[in-house]
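*Asks:*
Protein chains: 2
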Amino acid sequence: MLNTIMQHRSIRQYKDTPIPQDELNEILEAGTRASTTGNMQLYSIVVTQDQEKRQELAPAHFNQPMVTQAPVHMTFCADINRFHKWCEQRNAEPGYDNFLWFINAAIDALLVSQNVCLAAEEKGMGICYLGTVTYNADQIIRILELPQGVVPVAAIMMGYPDEQPGLTDRLPLEGVVHYETYKDYSSDDIDRIYHEKESLEETRQLLEENDKATLAQVYTDNRYKKEDNLHFSKQYLKVIQSQGFMNYV
Amino acid sequence: MLNTIMQHRSIRQYKDTPIPQDELNEILEAGTRASTTGNMQLYSIVVTQDQEKRQELAPAHFNQPMVTQAPVHMTFCADINRFHKWCEQRNAEPGYDNFLWFINAAIDALLVSQNVCLAAEEKGMGICYLGTVTYNADQIIRILELPQGVVPVAAIMMGYPDEQPGLTDRLPLEGVVHYETYKDYSSDDIDRIYHEKESLEETRQLLEENDKATLAQVYTDNRYKKEDNLHFSKQYLKVIQSQGFMNYV
């Protein structure tokens, strides 16, 4: 397993080979073995394989080609709907339509998603997370018919890889791990931690392609712009509210 | 690996055997191989081993004995502080002090945490998530000296198991998986999905111990009460705000 974890690459090119149902079931079972708040399993997984449905989803994911190309699209949702219905049917008054339970349910859903990804990779498949799921959650809710109490928090593509990308760089461990308490970063620390990343040939190419002086500017000016972040922040907060996770306010 | 995933149990009794630093490094490296938004690694891991520090943390985790008994306590934090500092030092204007980036960073941190847990389990260790981390985030921020831009989203205990608990029950797959779109649950569905859980000997004992008619009431009346949920919801939202993830409002 350690090998599977260490060899993870995001896969964006897939063969059209479908995933057999028994394999898919094993992968989904592996998902449900993840730790879950009080064993409440506050999540749902929507498996979308139908080509038309995936074409509907594509614009929400900025039309990345893999959304229609990979055989399986999965959406992991924070879900208090099922638990809420169960409580009501058992003479119990649920008190979970609030932000803490959005967070608890989101945590549950994300641990499941990572188990699912690793189980798939262990079986020779590839996966890729789609960050767009939180950007356009409102569209995804409509297309996947998610009811009150259900909000998407992660989406992945899954299938058999049709590419062999190299391992992506990571910051050195000292850049992300703190012992005992958090030691805030000095400007020397920042220089040291980002040195390797900034020295990569890949980075040099990015600066050239984007006509930028620093890699950080590629992020702030091109990839993840402030105005977009603010727009999608408001949207996602609105979705959490309209799906019933802020009812106490 | 699939076996490690399928055999996961939360461990609450630990031997006092310490985890060797080289093992710990391998586990942490495995954490950093997780998918991360735009390869920004918007997280930090605080590893707390010092006994005094863990005694300080214990009340925030409702004094669960494992917090001081297990050799390692880890806190996984959503972190835009490091990225923000890097941007500023590279003439780039960061726009990440908003809710979307709390969510992105929380997702990053949670995928790392699950990799770390599975890597530890693969090495014969046990882990347990502490749900309390989101309840008392304000205390944890103070004790671990987390700066602006850093919010804890998960905490785990880790060490060599000193118990062998059985596998916890889970809902059948059909209870949590939907195909193509979400199919909302009828009352028959709810009865069928929860039937096995409600028939367990463990459930019968819980009803007796808690003097309740249904398992759902054990949750709503004893374990996770509405008034507590509302209190901790407000606290956590306040923490997200005071740590600088709502600056656009």
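Chain order of the listed sequences is A and B.
The first sequence begins at 1 in my numbering and counts up one residue at a time.
The second sequence begins at 1 in my numbering and counts up one residue at a time.
Where a beta carbon is used, it is the ideal one built from N, C-alpha and C, also for glycine.
Please state if the CB of Ala119(A) and the CB of Met158(A) are separated by a distance shorter than 8 Å.
*Replies:* Not a contact, by the Cβ cut-off of 8 Å.
*Asks:* Extract the residue ranges of the alpha helix (DSSP H) inside the stretch 181-245 of chain B, only unbroken runs of 4 or more that lie entirely within it.
*Replies:* The stretch 181-245 of chain B contains these whole alpha helix (DSSP H) runs: 187-199, 201-210, 226-242.
*Asks:* Here's the rule I'm using: 16 or more other beta-carbon atoms within 10 Å means buried, otherwise exposed. How should Arg223(B) be labelled?
*Replies:* Here Arg223(B) is exposed. Its C-beta has fewer than 16 other C-beta atoms within 10 Å.
*Asks:* Runs of 4 residues minimum, wholly inside the stretch 95-160 of chain B: which ones carry the alpha helix (DSSP H) assignment?
*Replies:* Here the runs fully enclosed are 99-122, 132-135, 137-143.
*Asks:* Is Val177(A) close to chain B, meaning its C-beta is less than 8 Å from at least one C-beta of that chain?
*Replies:* yes
*Asks:* Whose Cβ in chain E lies nearer than 7 Å to the Cβ of Pro147(A)?
*Replies:* The structure shown contains no chain E; the protein chains it does contain are A and B.
*Asks:* Could you give the residue range of the beta strand (DSSP E) that holds Ala78(B)?
*Replies:* 72-79
*Asks:* Please state the DSSP three-state secondary structure of Val177(B).
*Replies:* strand
*Asks:* Quick check on DSSP: helix, strand or coil for Ile19(A)?
*Replies:* Reduced to three states, the DSSP call for Ile19(A) is coil.
*Asks:* Quick one, which of Gln13(A), Tyr96(A), Leu215(A), Tyr219(A) has its alpha-carbon nearest Met125(A)'s?
*Replies:* Gln13(A)
*Asks:* What residues from chain B crowd round Thr168(A), counting only those whose CB sits closer than 7 Å?
*Replies:* Asn39
*Asks:* Do Leu230(B) and Lys197(B) have their beta-carbon atoms positioned less than 8 Å apart in this structure?
*Replies:* no
*Asks:* Give, in chain order, every residue of the stretch 74-90 of chain A whose Cβ lies closer than 7 Å to some Cβ of chain B.
*Replies:* So the list reads Arg82, Lys85, Trp86, Cys87, Gln89, Arg90, given in the order they occur along the chain.
*Asks:* To the nearest angstrom, how far is the alpha carbon of Phe232(B) from that of Arg9(B)?
*Replies:* 27 Å
*Asks:* So who's on the other strand from Val67(A), going by DSSP bridges?
*Replies:* DSSP lists no partner for Val67(A).
*Asks:* Using 8 Å as the limit for Cβ to Cβ distance, is Ala119(A) near chain B?
*Replies:* yes
*Asks:* Since Thr4(B) is in the alpha helix (DSSP H), which residue starts that stretch and which ends it?
*Replies:* 2-6
*Asks:* Going along chain A, which residues have a C-beta under 8 Å from Tyr236(B)?
*Replies:* Phe99, Leu100, Ile103
*Asks:* Give me the Cβ distance between Asp97(B) and Tyr43(B), rounded to the nearest whole Å; I'm assuming they're in contact under 8 Å.
*Replies:* Not a contact, Cβ separation roughly 16 Å.
*Asks:* Between Gln148(B) and Gly131(B), what straight-line distance do the alpha-carbon atoms span, to the nearest angstrom?
*Replies:* 22 Å
*Asks:* So if I threshold CB-CB distances at 9 Å, which residues from the stretch 31-60 of chain A count as touching chain B?
*Replies:* Gly31, Thr32, Arg33, Ala34, Ser35, Thr36, Thr37, Gly38, Asn39, Met40, Gln41, Tyr43, Ser44, Ile45, Val46, Val47, Thr48, Gln49, Asp50, Lys53
*Asks:* Ends of the alpha helix (DSSP H) at Gln51(B)?
*Replies:* 51-57
*Asks:* Identify every residue that forms a DSSP beta bridge with Thr48(A).
*Replies:* His73(A)
*Asks:* Alpha carbon to alpha carbon, what distance is there between Gln205(B) and Ile156(B)?
*Replies:* Near 28 Å, if we compare the C-alpha coordinates of Gln205(B) and Ile156(B).
*Asks:* For the stretch 130-141 of chain A, enumerate the residues whose C-beta is nearer than 8 Å to any C-beta of chain B, in chain order.
*Replies:* Gly131, Thr134, Tyr135
*Asks:* Count the other C-beta atoms from every protein chain shown that fall within 10 angstroms of the C-beta of Gln21(A), then say buried if there are 16 or more, exposed otherwise.
*Replies:* exposed
*Asks:* For Thr17(A), tell me which candidate among Asn247(A), Gln49(A), Asn39(A), Ala106(A) has the shortest Cα-Cα distance.
*Replies:* Each of Asn247(A), Gln49(A), Asn39(A), Ala106(A) was checked against the Cα of Thr17(A), and the nearest Cα belongs to Gln49(A).
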